[in-house]
Amino acid sequence: MNRPNILLLFTDMQRADTIAALGNPVIRTPSLDRLVREGTSFTRCFTPSPVCLPARYCMHYGRWPHHTGCTDNTEGDKVQNDGSSYVGRLTRSGYRTHCIGKTHFAPHDDQLWDFQSRETQTDGGMLSDGFSPDDYVRHLRASGFGHVIDHHGRFADWYYLPQMAGMPAHLHPTQWIGDRSISFIEQADQAKPWYLTASFIHPHPPFALPTPWYRLYDSMDMPDPAVPADRDAHLTWVNKLQNRYKYRDQGIDRHLLRQIKAAYYGCISFVDFQIGRILSALEQSGQLDNTVILFSSDHGEFLGDYHNFGKRSMHDASTRVPMIARLPGQFAAGAVCTTPTSLVDIGPTACAFAGAEQTGFDGLPLHELASGQHQREAVFSQHLRGGKAQYLVATRDWSLFWSAADQREYVYHRAVDPLQQQLVSEVWHPREIGHLRHMLQEFLHVGNQHDAVEHTNGRYAWRHYEEPADILADPSAGLQIQPQAWALAQTIIPGYTTPTDIANRVRPKDMAEFVRRFPEAAQFAGLAPTKT
Numbered sequence: 002m003n004r005p006n007i008l009l010l011f012t013d014m015q016r017a018d019t020i021a022a023l024g025n026p027v028i029r030t031p032s033l034d035r036l037v038r039e040g041t042s043f044t045r046c047f048t049p050s051p052v053c054l055p056a057r058y059c060m061h062y063g064r065w066p067h068h069t070g071c072t073d074n075t076e077g078d079k080v081q082n083d084g085s086s087y088v089g090r091l092t093r094s095g096y097r098t099h100c101i102g103k104t105h106f107a108p109h110d111d112q113l114w115d116f117q118s119r120e121t122q123t124d125g126g127m128l129s130d131g132f133s134p135d136d137y138v139r140h141l142r143a144s145g146f147g148h149v150i151d152h153h154g155r156f157a158d159w160y161y162l163p164q165m166a167g168m169p170a171h172l173h174p175t176q177w178i179g180d181r182s183i184s185f186i187e188q189a190d191q192a193k194p195w196y197l198t199a200s201f202i203h204p205h206p207p208f209a210l211p212t213p214w215y216r217l218y219d220s221m222d223m224p225d226p227a228v229p230a231d232r233d234a235h236l237t238w239v240n241k242l243q244n245r246y247k248y249r250d251q252g253i254d255r256h257l258l259r260q261i262k263a264a265y266y267g268c269i270s271f272v273d274f275q276i277g278r279i280l281s282a283l284e285q286s287g288q289l290d291n292t293v294i295l296f297s298s299d300h301g302e303f304l305g306d307y308h309n310f311g312k313r314s315m316h317d318a319s320t321r322v323p324m325i326a327r328l329p330g331q332f333a334a335g336a337v338c339t340t341p342t343s344l345v346d347i348g349p350t351a352c353a354f355a356g357a358e359q360t361g362f363d364g365l366p367l368h369e370l371a372s373g374q375h376q377r378e379a380v381f382s383q384h385l386r387g388g389k390a391q392y393l394v395a396t397r398d399w400s401l402f403w404s405a406a407d408q409r410e411y412v413y414h415r416a417v418d419p420l421q422q423q424l425v426s427e428v429w430h431p432r433e434i435g436h437l438r439h440m441l442q443e444f445l446h447v448g449n450q451h452d453a454v455e456h457t458n459g460r461y462a463w464r465h466y467e468e469p470a471d472i473l474a475d476p477s478a479g480l481q482i483q484p485q486a487w488a489l490a491q492t493i494i495p496g497y498t499t500p501t502d503i504a505n506r507v508r509p510k511d512m513a514e515f516v517r518r519f520p521e522a523a524q525f526a527g528l529a530p531t532k533t
């Protein structure tokens, strides 16, 4: 068989339960439903880390967080861009490799990261220096929409407020990914195999949809979040932290919760529409059945479950992601695989089909897992290290995770409690929970994660840490602020904006560049001497 093309369709922050054909009765996803019918769905797929950077680096290198060195969004500098990624292996094996959209390989998001070429789209619209526009923003400005500042919606205090996009649908970031992907497919040299990542920022909040997509779902039709009666018992320290800095800890508004879900579903349906266009382009060019199509997401979103928002914690809402694979003859049509899988499996899958080097991966090829060639019992996930870390072991039917900040284990029996509404006591299932704990602690010990577990006289024990300070003591403390220095210069309204509005929001690390690039705004804010 000729080596197939490989297409990764990737979203940001999409839960596993957001595909109609896999059981969601409300959402409309005809294109993903097609992939479910024509491919294999891996319904026990978990992210190796429930936050953007570490999850994406794990996928890129096919390795667990303790091997990449990145366990949080602040640790991108710890990852070595050494050519060992699966994309680098595909490039060296003769594939034409290209990436369209978000990679989030901060703080060096403007680098190629083993792709031969990239077309960039970042959450804030600016590349690593914070001032240079990405490819999408340059396109938006060239199309007459340079006045749009919040290209993906207003962040910070508007993070979970559904918004109208500042541009029409044909110029929206989601549509741009679809357009550029179709262009790549149509212009591809069919004599040479290619690899393409089409990476969408949606449904990551803020939910800024264009006309008519913002009207697709009515909030009154949305189901309420899953909130158990003992909700507080399920919360971890990081859940409380996220609710605080995402402005969602000062009371629950049921109407807003359903509006958020309606907007989130709208974002997924708009991505689904682009996926349908991409599939049509493959079909019309005769490449559909010679292309491995993989669909997944970096992590989930609580979406109000437990009255929580964001990701980072190890509940299924945050860690379980969709995974679908399509290639006739290799992935059975309409099949469901419940073997635990992970984003670390994407690289080995791509390299196996490409005939590229596979040594050094922690993951396994998805088609081999689906066929039963490997008997994998569990996968793992990690966020942070030390006293605020969380570690997960997930099997087909069970999840156990340890929160160092809470000095607690959280155990759920997914087989009988799929919404994870009931914590399981070790009194009820001592053998199962003991086995889960041993698997997780042994995995961490073998990975030299000695800040997580102690190993003495052949026994494992969780390492003890002091409980973090109360983050809820001051209702105004710890709130998320995302000042975009380049945007501040465009938001001065004469007679209304005050100098302190600007001066107080320019971060010290941006100050010199702000003064250099925007001298008039800097002078207005008193950050630079007035010209005489």
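Using our numbering, the first residue of the sequence shown is number 2, and each one after it goes up by one. Note that beta-carbon positions come from the ideal geometry of N, C-alpha and C, so glycine has one too.
If you compare the alpha carbons of L401, A513 and V425 with that of H439, the shortest gap goes to L401. With a beta-carbon spacing of about 3 angstroms, Q275 and G179 fall inside the 8 angstroms limit used to define contacts.
Beta-bridge annotation (DSSP): L8 is paired with L197 and I294. Here the segment 78-97 makes contact with the segment 339-352; the two share three or more CB pairs at distances below 8 angstroms. The DSSP-derived three-state label of Q288 is coil. M14 sits away from L344, with the two beta carbons spaced by 7 angstroms or more. When the Cα atoms are used, L365 and C338 turn out to be separated by approximately 14 angstroms. In terms of CA proximity to L10, S32 leads the group S32, N25 and D124. At the C-beta level, T320 and T48 come within 7 angstroms of one another. Within the model, the alpha-carbon separation for F303 versus A453 is close to 25 angstroms. Its Cα nearest to that of G301, the residue H205 stands out among H205, Y137 and D363.
Rounded to whole angstroms, Q491 and I150 show a C-alpha spacing of 8 angstroms. The Cβ neighbour count for R45, taken over all protein chains shown within 10 Å, is at least 16; the residue is labelled buried. Taking C-beta atoms under 8 angstroms as the contact rule, A334 and G24 fail to qualify, at a distance of about 18 angstroms. With a contact defined as Cβ atoms closer than 8 angstroms, L162 and P207 qualify at about 7 angstroms. DSSP links I325 through a beta bridge to S42 and F296.
Within the same chain, Cβ atoms closer than 7 angstroms to the Cβ of L113 are found at R119, the five residues on either side in sequence being excluded.
Taken through DSSP and simplified to helix, strand or coil, R409 comes out as strand. Here the segment 126-137 does not lie against the segment 214-228, with fewer than 3 beta-carbon pairs under 8 angstroms apart. Contact between the segment 180-196 and the segment 277-288 is established, with three or more Cβ pairs separated by less than 8 angstroms. The beta carbon of R508 sits closer than 8 angstroms to those of P484 and A486, all from its chain and outside the five residues before and after it, given in chain order. In the displayed model, F354 falls within a helix according to three-state DSSP. For the pair P500 and A526, the CB atoms are nearer than the 7 angstroms cut-off. Secondary structure of S382 (DSSP, three-state): strand. The three-state reading of DSSP puts F402 in strand, counting E and B together. With contacts defined as CB atoms closer than 7 angstroms, C53 and H105 qualify as a contacting pair.
A478 and Y160 have their C-alpha atoms roughly 17 angstroms apart.
Membership of Y392 in the beta strand (DSSP E) is indicated by the continuous run Q391 to A395.
Rounded to whole angstroms, the separation of the alpha carbons of V425 and H308 is 20 angstroms.
Per DSSP, reduced to three states, the secondary structure at I28 is coil, with no helix or strand assignment.
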